[in-house]
């Protein structure tokens, strides 16, 4: 039976666990901020509980009950070494109320409503409130993971538009595109798992003056391109050739400018050439995206051309544009640098494109939440165009959430910008190829090719190669630069994808060794909640149930490295559990004499959580390694 220290609050909580737990496991938002109010729907079995969020709701209500005059109290709850969680609200509250923090803590505890989450509360130090979770609650939640897999905590679905990757047409993807692609994909995976309606957009650089020189060069190289698609084998080389001619040949440069005018006038022949070049590029991009498991919709700058024309007229008519040396610029409070909306030659700019883009995403796509994933070097640009979008009435902070997810630079082991030995930018295809080669060498060093089938070895090689590249990026604070090192990321020790993927296969092998399949484990879980007797079983269970806390917190700032830290923590806590709690017991001959099915249930829950973490990070897992 769950009880609070120094105060009996268990009246009405002795009935069956599943009949009342659902009220504590719905989102605070869906309960109007009251986790102890009756649930309208029993969705407990369909959603994991965001424990941290529920505790914040419980303690916010307690603070307001104890001190009704307090406005919007800040509730700080964190994982504790002395209990399951610790609430530090009394400390800040005591300062504003000018009271003794321990006295405030006692008043808050006194006003905490009964909850199936909490078994005990006590005070420590000057006023820290230690929170102990109810054991029956933990058992049932872990059992639900076994029965239903990892399910998202309840959320209010939003229309989210994520802008990421964004390479330029006619140029190959390089290491500079790696971070935006990986981070953006993982954010999409997280929000999709949480139940949001996510639109993944690739804002391609597919319009502009560079297409004039490409089309002019196309006319010379493939005169019949209007009737027959040009067989351009190397688009990057084709681009370099056209650029060289543009820089060195004045007659060619003149033709290139004329081609731009005809393209912008939508001349059919020039549109055909432009379309061919775009399609060749997109096919090359798709090959990279397929290898990395990326889903994305191509929507380049060309999509917004007519919208830019409309936007410029609207801004001009509203008096937002000012003349500046032949240009039309826009100033706004908070924009240190004005936007150049129309160039002196009448052309549009990156600023115009992004203004039309945000207008389209809010008004046409009905986006509730816009996310842009770019390098930190674009911070000033985003600050300026968002300020102008607010001024123009396009973007209202109270109605639309906008996040600029910035990231640092990829460095080589010399701590300088990552380049090839010749000083060129590293092509992404070559980087992935080298990853495969090194992954294969590392697995062969460990003789994995001798114990795995050819198909199993290939899957393991690919999972390790691509997984390590992704994890090495995502496990760092994205706002900082990080050093790219295959040697470190392929290390089978420590916080690396190689180690964690291997740890997962080891967990999966435990039940397989015992000859117990998942169906048998689930059947056992249906009979009764899991038994948790050993302290390491409890520790692992509590760790497993923290996943929703971690995921919900990531949505606040979109930093993904806490998920990697959590994944590594699950693996290390599992190792503690496995070293202390026998799942399978064998005699001296190696014959299995006892199978602890309850502990296999815990193995299943841990594996499910790790697999979900990998899925959100965009990393493929394997059964054997």
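Numbering (the working numbering), first residue to last: 3 to 627. Yeah, the Cβ is synthetic: ideal placement off N, Cα and C, and Gly gets one too.
### Query
Do you know how far the Cα of residue 571 is from the Cα of residue 206?
Answer to the nearest angstrom: the Cα atoms are 38 Å apart.
### Query
What runs of the beta strand (DSSP E), each 3 residues or longer, lie entirely inside the region 369-408?
Segments of the beta strand (DSSP E) lying fully in the region 369-408: 371-377.
### Query
Where does residue 249 fall in DSSP's three states?
When DSSP states are grouped into helix, strand and coil, residue 249 belongs to the helix group.
### Query
Would residue 184 pass as a contact of residue 164 if the rule is Cβ separation under 8 Å?
When the beta-carbon positions are compared, residue 184 and residue 164 stay at least 8 Å from each other.
### Query
Hey, is the region 392-408 in contact with the region 229-243, meaning 3+ C-beta pairs nearer than 8 Å?
In this structure the region 392-408 does not touch the region 229-243; the number of beta carbon pairs closer than 8 Å is below three.
### Query
Going along the chain, which residues of its own chain have a beta-carbon closer than 6 Å to the beta-carbon of residue 113, five neighbours each way excluded?
64, 67, 68.
### Query
How would you call residue 295, buried or exposed, if buried means at least 16 neighbouring beta carbons within 10 angstroms?
Exposure of residue 295 is indicated by the presence of fewer than 16 other C-beta atoms within 10 angstroms of its C-beta.
### Task
Would you mind stating whether residue 204 and residue 301 have Cβ atoms separated by less than 8 Å?
Inclusion of residue 204 and residue 301 in the CB contact set at 8 Å is warranted, their separation being smaller than that value.
### Message
Less than 6 Å between C-beta atoms, sequence neighbours within five positions excluded: which residues of the same chain meet that for residue 438?
### Response
Contacts found: 467.
### Message
Please give me, in chain order, every unbroken run of the alpha helix (DSSP H) with length at least 4 that falls completely inside the region 174-211.
### Response
180-195, all fully within the region 174-211.
### Of the residues 140, 131, 127, the one placed nearest residue 53, counting alpha carbons only
Nearest option by C-alpha distance: 140.
### Query
Around the C-beta of residue 256, are 16 or more other C-beta atoms found within 10 angstroms, so that it is buried, or is it exposed?
Exposed: under 16 other Cβ atoms inside 10 Å.
### Query
Once you ignore the five residues that flank residue 195 on each side, which residues in its own chain have a CB closer than 8 Å to its CB?
The residues 154, 553, 614, 617, 618, in chain order, have a CB closer than 8 Å to that of residue 195 in the same chain once the five nearest residues on each side in sequence are set aside.
### Query
Which full runs of the alpha helix (DSSP H) of 4+ residues lie inside the region 516-596, going along the chain?
Counting only runs of 4 or more, we get 520-529, 537-546, 549-559, 563-582.
### Query
How is residue 627 classed by DSSP in three states: helix, strand or coil?
Here residue 627 sits in coil by DSSP.
### Query
Do residue 338 and residue 386 have their CB atoms nearer than 8 Å?
Result yes, Cβ atoms of residue 338 and residue 386 sit closer than 8 Å.
### Where residue 525 falls, given that 16 or more other Cβ within 10 Å makes a residue buried
Counting the other Cβ atoms within 10 Å of the Cβ of residue 525 gives fewer than 16, which makes it exposed.
### Query
Where does residue 496 land, buried or exposed, given buried means 16+ other C-beta within 10 angstroms?
Label assigned to residue 496: exposed.
### Query
Whose C-alpha, out of 455, 459, 430, is nearest the C-alpha of residue 444?
Nearest C-alpha to residue 444: 459.
### Task
Check residue 1 in the structure and name its three-state DSSP category.
Residue 1 lies beyond the residue range present for the chain, which begins at 3 and ends at 627; the question has no answer from this structure.
### Query
Looking at C-alpha atoms only, which residue of 85, 62, 70 is the closest neighbour of residue 77?
With distances taken between Cα atoms, residue 77 lies closest to 62.
### Beta-carbon proximity of residue 218 to residue 258, cut-off 8 Å
Contact: yes.
### Task
Along the beta strand (DSSP E) that carries residue 342, what are the first and last residues, could you check?
Residue 342 -> beta strand (DSSP E) spans 341-344.
### Task
Please specify which runs of the beta strand (DSSP E), each continuous and at least 3 residues long, are wholly inside the region 250-335, giving them in chain order.
DSSP runs (the beta strand (DSSP E)) wholly in the region 250-335: 323-326, 329-332.
### Query
Is it true that the region 588-607 meets the region 557-574, where meeting means three or more beta-carbon pairs spaced less than 8 Å apart?
At 8 Å Cβ cutoff, the stretches do not touch.
### Message
Under DSSP, the beta strand (DSSP E) around residue 163 begins and ends at which residues?
### Response
That run of the beta strand (DSSP E) goes 161-165.
### Query
According to DSSP, is residue 493 helix, strand or coil?
In the structure shown, residue 493 falls within a coil segment according to DSSP collapsed to helix, strand and coil.
### Task
Would you mind reading off the limits of the beta strand (DSSP E) that contains residue 89?
Residue 89: member of the beta strand (DSSP E) spanning 87-89, first to last residue.
### Helix, strand or coil at residue 73 according to DSSP, with G and I counted as helix
Residue state, collapsed to three classes: coil.
#### Entry: Among 341, 284, 461, nearest to residue 354 - alpha-carbon criterion
Comparing Cα positions, the closest option is 341.
#### Entry: Helix, strand or coil at residue 244 according to DSSP, with G and I counted as helix
Reduced to three states, the DSSP call for residue 244 is helix.
### Query
Quick one: any contact between the region 487-503 and the region 423-440, if contact means 3 or more CB pairs under 8 Å?
They touch, by the three-pair rule.
### Message
Can you tell me whether residue 80 is helix, strand or coil according to DSSP?
### Response
Looking at residue 80 - three-state DSSP - the assignment turns out to be strand.
### Query
For the beta strand (DSSP E) that contains residue 122, what are its first and last residues?
Unbroken beta strand (DSSP E) run through residue 122: 120-126.
### Task
Would you mind sorting residue 606 into buried or exposed? The rule is 16 or more other CB atoms within 10 Å of its CB.
Buried: at least 16 other Cβ atoms inside 10 Å.
### Query
How would you write the range of the alpha helix (DSSP H) that residue 433 sits in, first residue to last?
Note, residue 433: alpha helix (DSSP H), 430-447.
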